[in-house]
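From first to last, the protein sequence lines stand for chains A and B.
Per my numbering, the first sequence runs over residues 47 to 534.
Per my numbering, the second sequence runs over residues 47 to 534.
Following: one structure in structure tokens, then a few remarks.
2 protein chains.
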Amino acid sequence: MLTYADAGALPVPADLAVIATPPETVPGLIGAFAERGTRAAVVITEGFNQSDGNGGGEDGRALRQAMLDAARPHTLRIVGPDCLGVMVPGAGLNASFAHIQPKRGNLAFIAQSGAIVTSVLDWAAARGIGFSHFVSLGDTSDVDFGDMLDYLTGQMEIRGILLYIETIRDARKFMSAARAAARIKPVIVIKSGRHPAATAGEAASHTGALASRDAVYDAAFRRAGMLRVHDIGGLFGAVETMAQGQAPSGDRIAVLTNGGGVGMMAVDALIDYGGRLADLSGETVAALDAVLPPTWSRRNPVDIFGDAPPERYGKALEILLKDKGTNAVLVLNCPTATASGEDAARAVIDTVAGKKRCVLTSWLGETAAAGARRMFAEHRIPTYFTPERAIRAFVDMVNYERSQEALTETPPSVPEDFAPDAAAARAVIENALDDGREWLGELEAKAVLDAYGIPVVPMLLAADPGAAWTALSSRIWALDTVGLRRRG
Amino acid sequence: MLTYADAGALPVPADLAVIATPPETVPGLIGAFAERGTRAAVVITEGFNQSDGNGGGEDGRALRQAMLDAARPHTLRIVGPDCLGVMVPGAGLNASFAHIQPKRGNLAFIAQSGAIVTSVLDWAAARGIGFSHFVSLGDTSDVDFGDMLDYLTGQMEIRGILLYIETIRDARKFMSAARAAARIKPVIVIKSGRHPAATAGEAASHTGALASRDAVYDAAFRRAGMLRVHDIGGLFGAVETMAQGQAPSGDRIAVLTNGGGVGMMAVDALIDYGGRLADLSGETVAALDAVLPPTWSRRNPVDIFGDAPPERYGKALEILLKDKGTNAVLVLNCPTATASGEDAARAVIDTVAGKKRCVLTSWLGETAAAGARRMFAEHRIPTYFTPERAIRAFVDMVNYERSQEALTETPPSVPEDFAPDAAAARAVIENALDDGREWLGELEAKAVLDAYGIPVVPMLLAADPGAAWTALSSRIWALDTVGLRRRG
């Protein structure tokens with residue numbers, strides 16, 4: 047390895063500077079690299095955080111600003127500080143201190159937290175899942191989620207993008223980038239700090255900003271056409287689905303199982319999550335009759351019994367994949383002494399090969415299932431630890447496809463004869479402000495909605511029961527007249 | 047192995063007959079064993095089910111009755127038919143066709159479905175979890191959940207009982223046995239077929255009985271003091287907790303993590319499930335100040351940073367275990383290049399050793415976590431695949447303890463001056479029956495509640511808006527009078 051005393055001594059400008067020196071040295075180094083012609087840096091160093099102890103917070107913030115000031119005139123862009131780094135396996139780049147190297151693949155994972163990055167990396171490596179980019183953004187002092195989305199959207203080999211978000215600072219930039227990205231490829235987001243108890247300390251300590259209300263994030267993600275998952279299991283499931291899965295052609299799923307009980311539990315989960323069980327066509331039932339024992343369930347879930355040999359799995363799956371009313375098939379396997387789970391997995395792999403169909407799998411148990419899980423990973427068939435995780439992934443995919451359709455619908459234009467009564471709304475709000483209030487009462491809020499033509503349930507304020515009766519009786523007479531008119 | 051031509055030729059009565067011969071031979075064999083003095087049989091054979099195809103259903107039911115008739119005069123009890131069998135590792139008994147042998151332990155697992163039995167068995171074996179009894183009940187033609195609970199309740203070495211239920215036939219017997227069992231040891235139940243879509247075919251085909259409405263089961267489980275879990279992941283989690291865990295002393299948990307993001311996600315899950323984050327005492331914060339880097343979160347969750355060496359894990363956990371306001375600690379670890387997850391696990395194990403405290407763990411990732419998971423299993427510290435699963439297990443334990451307390455409270459006795467108007471209630475019901483109805487209307491149902499002194503919202507039926515006004519105005523006058531009286 048060649049070493050040089052400083053940036054100025056480099057024979058050519060470095061494409062990327064990776065800085066892991068103490069905070070006070072960082073602004074000078076950034077300046078020197080920028081002068082020499084470098085246009086990108088990863089700052090791994092931590093200690094720029096406002097919540098640092100020992101009165102160092104002020105210094106940290108000043109240092110961060112000095113770093114940004116040194117970069118700006120040369121448009122040097124910075125990832126970090128306080129990050130794990132950047133990995134781009136396809137370019138042979140690992141500018142991080144992750145414990146292992148990701149495999150090359152076509153998923154991009156962008157996260158604020160380094161710990162989430164290493165956890166997903168470790169899990170994905172064991173599953174044989176590769177990545178195009180693995181980026182820990184840390185403090186997002188310069189490069190943020192909006193920048194990364196803009197950059198990744200244009201990379202055609204990237205199949206999907208996963209984001210782990212704690213806080214968004216530049217909401218407008220993020221939304222614009224997110225909507226563009228989500229139109230072109232699936233974007234899955236996990237946003238932690240959903241409850242104030244989680245964020246009060248953590249988000250502040252990690253990112254220097256208080257996490258905002260979760261409902262705002264939720265609405266923004268939905269509006270941008272992203273799919274949100276809520277926990278680590280959901281994140282693993284989403285990675286599995288995006289890396290290995292085919293999108294389902296609709297919302298109806300068939301369940302093929304060698305155990306009636308687990309089939310039932312998969313259906314329980316399906317209904318819990320709002321999914322739909324496929325009704326098998328008469329043709330499909332007849333075809334299954336020809337290959338299954340006479341006592342089979344004759345409906346979905348298709349129970350092929352604990353003694354099911356691999357051929358039975360293969361033939362039944364083949365038939366289900368042809369069923370017109372079935373958009374996806376979940377194949378389940380419980381360990382038995384009479385048939386091998388790996389042979390069953392092989393039959394599923396052979397049957398699915400070459401078909402662009404949505405097939406999900408869950409092989410239960412641990413020792414008995416390990417081999418089959420490896421085989422599915424090799425053949426890019428998504429497999430999940432439990433049936434309910436597979437069902438969750440399926441319903442997530444369906445919801446994602448639906449939200450994409452909804453987003454591309456043209457909204458009805460505003461009717462020409464409609465004009466909101468903006469003056470009335472303004473009067474209500476000004477009145478509240480005059481009272482020194484920042485909140486509207488229920489009647490006031492309804493008056494504002496009414497001014498914009500949004501239907502509201504009529505509401506009257508009465509000081510006592512007598513007044514309520516008087517007010518009510520005139521309303522009821524009005525209603526009665528309408529009723530009589532309708533009856534007559 | 048000694049073989050004999052038939053039961054009559056046995057030199058001594060068999061303690062247990064295991065029968066796996068065709069259905070039509072079973073009644074005769076049961077009769078012969080019973081005559082010879084055998085008092086227990088496991089019938090693995092299937093084909094006694096009413097929903098068998100080929101017109102064999104009638105025959106199946108007749109055969110089942112013949113089998114029961116042959117057993118009854120001799121009080122020979124039968125497990126099955128259509129079951130995987132019975133395993134009692136402590137007695138060296140494996141009368142099943144499971145693919146592996148359970149380790150000896152002190153949990154009993156009783157399931158209707160053989161596939162669930164093998165799945166849990168395989169998973170538990172990999173985790174080093176042992177069992178006292180592993181019983182697949184199959185058709186429950188004779189021995190059912192009530193019998194098993196009665197039997198297991200008296201076995202003092204059994205630490206907890208897990209039930210996988212599809213259908214309960216003898217509800218009264220089940221409830222009586224369940225209440226007795228749940229007073230003495232934790233009983234966890236998973237009941238599949240929560241939704242009609244899951245049960246319409248499956249439960250009928252597997253057990254010969256339609257699963258009843260889920261709400262009834264739910265209320266019954268709660269009343270009996272059982273804890274219900276809903277999916278396979280929850281079942282694995284419950285086994286882990288019962289096998290390895292210490293019950294928490296209350297509902298407040300501290301989270302110790304080397305990654306801020308996963309700590310936040312654990313708290314999100316905690317709030318989702320209705321748990322409570324412990325407030326650390328000033329003493330605890332001061333003690334942690336002395337052993338953690340100055341920039342630590344200074345609150346719960348306790349973020350000890352990605353570079354945390356094992357000593358930092360050990361010291362921080364030691365301090366949290368002494369905190370008076372903390373009833374349990376969840377320790378999290380994300381893989382890093384700078385510290386070993388296994389060393390961290392070792393530090394946790396050493397710190398917990400000999401202390402009867404509720405400590406749960408989740409080591410994220412796969413390859414990096416495998417060694418730590420094995421170590422926790424060996425030292426009976428519960429460990430979960432994801433932080434949210436650990437949190438779910440903790441909240442389940444808290445809810446279980448709470449429901450136990452609630453059940454042992456004496457309910458207030460019926461006031462002496464209260465007598466229900468049974469005649470009024472009976473009149474309403476008889477009127478409905480006279481109309482040929484099996485359901486009561488809303489007004490009728492409220493009249494019945496009213497007759498038993500249960501407060502209901504007043505409700506009046508009016509045929510049209512005019513009548514509604516008349517009815518309403520008299521009510522409002524009445525209300526007004528009350529209001530005036532109160533004001534006056």
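By construction, the Cβ of each residue, glycine as well, lies at the ideal position given by its N, Cα and C atoms.
Predicted, not measured: the structure shown is a model, and the values here were computed from it.
According to DSSP, which residues form a beta bridge with I234(A)? L208(A), L273(A)
Close Cβ partners of V502(A) (< 7 Å) along its chain, the five nearest in sequence each way excluded: K492, L495, D496
Mind checking if S165(B) is an interface residue toward chain A, Cβ cutoff 7 Å exclusive? yes
Is G106(B) close to chain A? Criterion is C-beta to C-beta, closer than 7 Å. no
Once you ignore the five residues that flank D98(B) on each side, which residues in its own chain have a CB closer than 7 Å to its CB? Unreliable placement is indicated for D98(B), whose pLDDT of 46 sits below 50; the coordinate value is still reported in the next sentence. Counting only Cβ-Cβ distances below 7 Å, and skipping sequence neighbours, we find G106.
Counting only the same chain and skipping the five closest in sequence on each side, list residues whose C-beta sits under 6 Å from that of A55(B). none
Taking only beta carbons into account, state which residues of the segment 508-522 of chain B come closer than 9 Å to chain A, listed in chain order. D510, P511, G512, A514, W515, L518, S519, I522
If G387(A) sits next to S159(B), beta carbons under 8 Å apart, how far is it from one beta carbon to the other, in whole angstroms? Not a contact, Cβ separation roughly 17 Å.
Could you tell me which uninterrupted beta strand (DSSP E) segments, each at least 3 residues in length, are contained entirely in the segment 169-231 of chain B, listed from first to last along the chain? 176-182, 206-211
Residues in the segment 124-152 of chain B having any Cβ partner in chain A nearer than 9 Å: L130, S142, F143, A144, H145, I146
Is there a Cβ of chain B sitting closer than 7 Å to that of W169(A), yes or no? yes
Beta-carbon separation of I76(A) and A51(A) under 7 Å? no
For chain A, find out if any of its Cβ atoms is closer than 7 Å to the Cβ of E174(B); answer yes or no. The residue asked about is misnamed: residue 174(B) is Gly in this sequence, not Glu. No, G174(B) does not count as interfacial toward chain A.
Any chain A beta carbon closer than 7 Å to E476(B): no
Give me the Cα-Cα distance between R533(B) and W515(A), rounded to the nearest whole angstrom. Only weak support exists for where R533(B) lies, its pLDDT of 45 falling under 50; the coordinates are left without a value.
Note down, in chain order, each residue of its chain lying with its Cβ closer than 7 Å to the Cβ of W169(B), except the 5 sequence neighbours on either side. F282
Minimum C-alpha distance to V441(B) - residue among E424(B), G499(B), L376(B): L376(B)
Would you check if the distance between the CB atom of F191(A) and the CB atom of F155(A) is smaller than 7 Å? no
Enclosing beta strand (DSSP E) for V134(B) [first to last residue]: 131-134
Can you list the residues of chain B that Q158(A) reaches, using a CB-CB cut of under 8 Å? G307
Going by C-alpha distance, which of G352(A), L130(A), G200(A), F422(A) is nearest E92(A)? L130(A)
According to DSSP, is A27(A) part of a helix, a strand, or is it coil? The structure shown does not extend to residue 27(A), since chain A spans only 47 to 534, so no value can be given for it.
For D61(B), count neighbouring Cβ atoms within 10 angstroms of its own Cβ and tell me buried if that reaches 16, exposed if not. exposed
Under 9 Å between beta-carbons, which chain B residues line up against L208(A)? List them in chain order, please. Within 9 Å Cβ-Cβ: nothing; L208(A) doesn't reach chain B, min ~14 Å.
So G279(B) contacts chain A; which residues on that side make the cut at Cβ distance below 8 Å? G279, F431, T432, E434, R435
What residues in its chain sit with their C-beta under 7 Å from that of P69(A), if we drop five residues either side in the sequence? T91, G93, F94, G106, L109
Tell me which same chain residues have a C-beta within less than 8 Å of the C-beta of A423(A), skipping the five on either side of it? R173, G174, I175, Q290, T429
Please report the distance separating the alpha-carbon of Q450(B) from that of E484(B). 36 Å
In chain A, what lies closer than 8 Å to N304(B) by C-beta? A161
Are the beta-carbon atoms belonging to T397(B) and P381(A) less than 7 Å from one another? no
Given that a residue counts as buried once 16 or more other Cβ atoms are within 10 Å of its Cβ, and exposed if not, what is N477(B)? exposed
D537(A) - DSSP class collapsed to helix/strand/coil: This structure cannot speak to residue 537(A), because chain A is shown only from 47 to 534.
With respect to the beta strand (DSSP E) encompassing A374(A), which residues constitute its N-terminal and C-terminal limits? 374-379
Simplified DSSP state of S519(A), which is helix, strand or coil: helix
Kindly give me the distance between the Cβ atoms of P294(B) and A374(B), rounded to whole angstroms, as I take these residues to be in contact under 8 Å. 4 Å
Report yes if the CB atom of T372(A) is closer than 7 Å to the CB atom of A324(A), and no otherwise. yes
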